[in-house]
Every structure is written in C-alpha cells, then in structure tokens.
Amino acid sequence: MEVPKEIFLKDYKLPDYYFDTVDLSFSLGEETTIVCAKISVVPRVDGVAAPLVLDGIDLKLISIKISGNELEEGYYHLDARHLILKAPPSGSFILETITEVLQKNSSFEGLYKSSGNFCTQCEAEGFRKITYFQDRPDIMAKYTCHIEADKSLYPVLLSNGNLIEQGDLEID
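Shown next, in the form of structure tokens:
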C-alpha cells in the first residue's frame, strides 16, 4: 500500500470542476463488479474548459460518455492512475463511466471482499479504486447508490444514507 503524499495548505489549489450529484450503480459479481457512475460536473469558472483529471487505480474502463455521447479514445487519456478528459465542455455536463473492478483486491481500500462480504473503504484515497473520480476531500456531492447482487449469495445489501427503494430484480 502506497503512503499518501503530505499536502500543505500553501500548495492547495482549488479544483477546476465541482461535482453536484453522483449516481452510482453496483452490480456485484464473484469475479468482477461493474460500477456505473453518472456525475453532474460543474466547472469552477464557467466558460473555461481545463482538462478534467480523474483518479483511478486498478480499474478497467468499459465506457465513457459526456452528456450521453460516447467518447472516442482521442478525447481522453488513460493511464494506470488517471483518466484525463482533454477538452471537456466549458459549461456543466454529465459524465458517465462504466468500470470493471476485479475482486482480487487485498489492499482493504476501495471495494473488496472480506470474510465473504463486499466492503468499501473510501478514506483517504480509496474511492479511486471504485470508479474514476476527483478523489480529494473538497469534492462534495449528493450521492445516490444502487446495489444489486445474487440474493442467494448476498441476502443483505447495505449502503449509507436513506433507503429510497428496495426489491428483487426480475430475471428472465
């Protein structure tokens, strides 16, 4: 596990973008989990389109869309630690990503299995192991979370916050 780099107030830089809402959907599987993230992105300075740098570790990017339009590889850069949108819209937009998370996570950060249960540990920088995100403490947003899994293996699913809806999925 890598030790986080110490950050001093004198080095603090405001983010170029804020996230208003974050809608997460988890499809928990035995080998992999699919995470769909729909993020309402607001530029800090309207009309300025700086690159949007998202943190992400040990993730496989399946899909990326801006305001419903699939992005081609030339519009973003992906490496082992970041997903960078080179020229996002200069105004507010919706960022949608679909990522695959492998269950072979022994770092106890992000999404992992322990004693047969799925767990998450997002502090201090664990969220970047769940989905691509500005993983820093000054990015505040309203979250919704949808979790689905095989009921015979995982009869109880629990998330923080207020329960909006629960039920069984109809399987064809």
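All residue numbers for the sequence shown refer to UniProt numbering, where the first residue is 1 and numbers rise by one.
By construction, the Cβ of each residue, glycine as well, lies at the ideal position given by its N, Cα and C atoms.
Residue environment, residue i, which counts as buried when at least 16 other CB atoms sit within 10 Å
| i | result |
| --- | --- |
| residue 134 | buried |
| residue 130 | buried |
| residue 35 | buried |
| residue 117 | exposed |
| residue 156 | exposed |
| residue 91 | exposed |
| residue 109 | buried |
| residue 93 | buried |
Cβ pair residue i, residue j closer than 9 angstroms
| i | j | result |
| --- | --- | --- |
| residue 18 | residue 124 | no |
| residue 95 | residue 85 | yes |
Straight-line Cα distance separating residue j from residue i
| i | j | result |
| --- | --- | --- |
| residue 72 | residue 63 | 10 angstroms |
| residue 147 | residue 101 | 14 angstroms |
| residue 115 | residue 127 | 21 angstroms |
| residue 46 | residue 37 | 23 angstroms |
| residue 27 | residue 48 | 35 angstroms |
Coil, strand or helix - residue i by DSSP
| i | result |
| --- | --- |
| residue 111 | strand |
| residue 71 | coil |
| residue 118 | strand |
| residue 23 | strand |
| residue 60 | strand |
| residue 158 | coil |
| residue 127 | helix |
| residue 10 | helix |
Pick from the options that is closest to residue i, judged by C-alpha positions
| i | options | result |
| --- | --- | --- |
| residue 13 | 96, 156, 136, 86 | 136 |
| residue 70 | 98, 32, 132 | 98 |
| residue 165 | 78, 144, 150, 79 | 144 |
| residue 151 | 11, 121, 171 | 171 |
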